[in-house]
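Inspection log for the structure reproduced underneath, given as structure tokens.
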Amino acid sequence: MDYIQGIAILIGINLIAVLGLSVLTGFTGLFSFGHGGFMAIGAYISAIFTARLHLPFALAIVAGAAAAAGISVLIGKLTLKLKGDYFCIATMGFGEAVRVILNNIPYVGGARGWESLPKLTNIWLVFALDIVFVVITWNLINSRQGRNMVAVREEELAAQMAGVDVYRHKMIALVVSAAFAGVAGALMAQYIQFIRPTMFNMAKSTDLTIMVIFGGLGSISGSVLGTILLVALPELFRSFAQWRLVFYGLAVILIMVGRPQGLIGGLELTPSGIRKTIAARRARIAFAAASKAAEREGIE
Amino acid sequence: MSDVPVLELKGLTKRFGGLTAVNDVSFKVAEGGISGLIGPNGAGKTTIFNLITGVYKVSEGSVLFRGSPITDLEPYKIADGGVTRTFQNIRLFKNLSTRDNVLTACHLSAHYNLAESLLRLPRFRREEKALAEKAEGLLQIMGLTDRADVVANNLPYGLQRRLEITRALALDPKLLLLDEPAAGMNPDETEQLMRLIGEIRNRFELSVLVIEHHMDLIMGVCEHIHVLNFGCTLADGSPESVANDPKVVEAYLGAEDER
Chain A
1 MDYIQGIAIL IGINLIAVLG LSVLTGFTGL FSFGHGGFMA IGAYISAIFT ARLHLPFALA
61 IVAGAAAAAG ISVLIGKLTL KLKGDYFCIA TMGFGEAVRV ILNNIPYVGG ARGWESLPKL
121 TNIWLVFALD IVFVVITWNL INSRQGRNMV AVREEELAAQ MAGVDVYRHK MIALVVSAAF
181 AGVAGALMAQ YIQFIRPTMF NMAKSTDLTI MVIFGGLGSI SGSVLGTILL VALPELFRSF
241 AQWRLVFYGL AVILIMVGRP QGLIGGLELT PSGIRKTIAA RRARIAFAAA SKAAEREGIE
Chain B
1001 MSDVPVLELK GLTKRFGGLT AVNDVSFKVA EGGISGLIGP NGAGKTTIFN LITGVYKVSE
1061 GSVLFRGSPI TDLEPYKIAD GGVTRTFQNI RLFKNLSTRD NVLTACHLSA HYNLAESLLR
1121 LPRFRREEKA LAEKAEGLLQ IMGLTDRADV VANNLPYGLQ RRLEITRALA LDPKLLLLDE
1181 PAAGMNPDET EQLMRLIGEI RNRFELSVLV IEHHMDLIMG VCEHIHVLNF GCTLADGSPE
1241 SVANDPKVVE AYLGAEDER
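Those protein sequence lines, which keep their order, are chains A and B. Mapping the first sequence onto our numbering, position 107 (from 1) lands on 107, and the numbers just tick up by one. Mapping the second sequence onto our numbering, position 130 (from 1) lands on 1130, and the numbers just tick up by one.
Structure representation (structure tokens):
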């Protein structure tokens, strides 16, 4: 039971980071390979608050999120004017820089890590926060700010011509994703009770991005599904020891080949989302039939 | 109609390295008018659109919108101010439905902030409803209601053009720039488009500047025409005077002694 609960907590914690990344990558179209860095900032700042300053956990989580968001503003100012792949490379550099800096701060344990942190994260807290963050993400995406982000992803130049401040909306997406990652990091530190810089390396950042892509770009329910499957999958195959990572890789490759848009890219598993998808399909079929009929008439 | 032109270009020049794409071009678009910008391929027409809308930085000269300079403002600010455009090669939000394309562009009519979005406060709900109604209204006027749920990429070509114009109208522009709206259209569709441009001007009380190669469209709908060749002004005036200008005929058909 504890084991299942442990996996559920890990899913819940990762979900918060993945939701943020979903806003950045899935809806705004910016790829990041450095969000492990923002998680690290959330983890270490919150740990300083709880273990060193003995402040309440809630305050520690907010501080972790705020610190990650604050740093992301600086990173955004430096990198968001960069085009395409350059932003991606800059985030990768940022993630590695955070890791190396943490390695060299003895106050937080340096490269050896920081152990016996207080255990403050529990399943109910994680579950409640998951619901809050799904709702917030949903509200954001279905607002004018969210639609503008999608416009930036779809066609940057046309978005500008439609009066969208591209830089500002990229910044909103980056700050939101960083704050979410900060919260996830804080929960992680106070759950595992041990943190060290390598936990937040590029492999972690890539994991998060893969979950977003696996679930489907531009879909919140896809991100939820992707996180559940990709955190649980390696556990299912745990008895195969080293082979489980092969299965993990295989699953990702199969999805990329079979469904490049991800499991449910661009589609939401809600009553209104499903209605919308069906309406779009119907409209397309009706239109195809109408134009075929028109063609036939034209021939006769 | 006021005396201040809605758009005025003064000595507009754009150089790409050693190449002068637009050289000292000056002209005005009258408030409420439909003007045409024509010229052979490579004359610098689209470059002028890109300079007006802030996509390119101006090398020299200035752009005045309703009497105030908008030279080198951020593109989105120019769009906010009331200048919108369509593109020669259609640029829609391809994976969004027709409705969402228009709804997205309506965003300037709403003023709720990010916190109100995240928490769904009353102003969010009120303004979102108004936005949805505005989008439906525009789709209705432009005859796209029955295609509202179709993903933009799946629309036939003519309707994609129409959607792009609808999206531009969603910003309540004062000046609409159309870059070859009739490209790839047959004569029937072109005539429909001509009528549409006239209707839009009257209904939305705006001014139009259109780039076109279809001479029947230009001659039929424009009240004023500016002709470019190799980045320089060749002629400027009413459709009749431009059509009979020997320099214009030469640029399009070649000089008489060469034949």
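Where a beta carbon is used, it is the ideal one built from N, C-alpha and C, also for glycine. Fair warning: this is a prediction, and the values are worked out from it, not measured in the lab.
Spatial distance of A/A66 from B/I1048 (CA atoms) | 45 Å
What are the residues of the region 132-143 of chain A that lie near chain B, defined by any Cβ-Cβ distance shorter than 7 Å?
-> I136, N139, L140 and S143
Contacting positions in the region 1116-1144 of chain B - beta carbon closer than 9 Å to chain E = No chain E appears in the structure shown, which is made up of the protein chains A and B.
Rounded Cβ spacing between A/R147 and B/L1103 (contact assumed at less than 8 Å) = 7 Å
According to the neighbour-count rule (16 or more other Cβ atoms, all chains shown, within 10 Å of its Cβ), is B/F1016 buried or exposed?
-> exposed
Taking any Cβ of chain B, which residues in the region 154-170 of chain A have a Cβ under 9 Å from it, in chain order?
-> E154, E155, L157, A158, A159, Q160, M161, A162, G163, V164, D165, V166, Y167 and R168
Within chain B, partners of A/A280 - CB distance below 9 Å | S1097, D1149, V1150, V1151 and N1154
Between the region 224-232 of chain A and the region 180-198 of chain A, do at least 3 Cβ pairs fall closer than 8 Å?
-> no
Label B/R1174 either buried or exposed according to how many other C-beta atoms from any shown protein chain fall within 10 Å of its C-beta, with 16 as the threshold for buried.
-> The question names Arg, yet the displayed sequence has Lys at residue 1174 of chain B. Result: buried.
Exposure of A/R281, with buried meaning 16 or more beta-carbon neighbours within 10 Å = exposed
Within the region 64-138 of chain A, ranges of the beta strand (DSSP E) (whole runs, at least 3 residues) | none
Below 7 Å between beta carbons is the criterion; list the residues of the region 1158-1188 of chain B that meet it against any residue of chain A, in chain order.
-> R1167 and L1171
Thinking C-alpha only, which one of A/A173, A/I285 and A/F31 is nearest A/T137?
-> A/A173
Whole alpha helix (DSSP H) elements within the region 166-243 of chain A, 4-residue minimum = 166-192, 202-215 and 220-236
Is A/S116 near the ligand HEM, judged by its Cβ being under 6 Å from some heavy atom?
-> Ligands are entirely absent from the displayed structure, and the ligand HEM is therefore not among its contents.
Would a C-beta distance cut-off of 7 Å place B/T1084 and B/L1193 closer than the cut-off?
-> no
Name the two residues that bound the continuous beta strand (DSSP E) containing B/E1060.
-> E1060 to F1065
B/I1090 - DSSP class collapsed to helix/strand/coil | coil
Could one say the Cβ of B/T1071 lies closer than 7 Å to chain A's Cβ atoms, at least one of them?
-> no
Short Cβ contact (7 Å threshold) for A/S46 with A/A186 | yes
Between the Cα of A/L263 and the Cα atoms of A/T227, A/F27, A/L53 and A/A293, which residue gives the shortest distance?
-> A/T227
Whole-angstrom distance between B/N1095 and B/L1159, CA atom to CA atom = 15 Å
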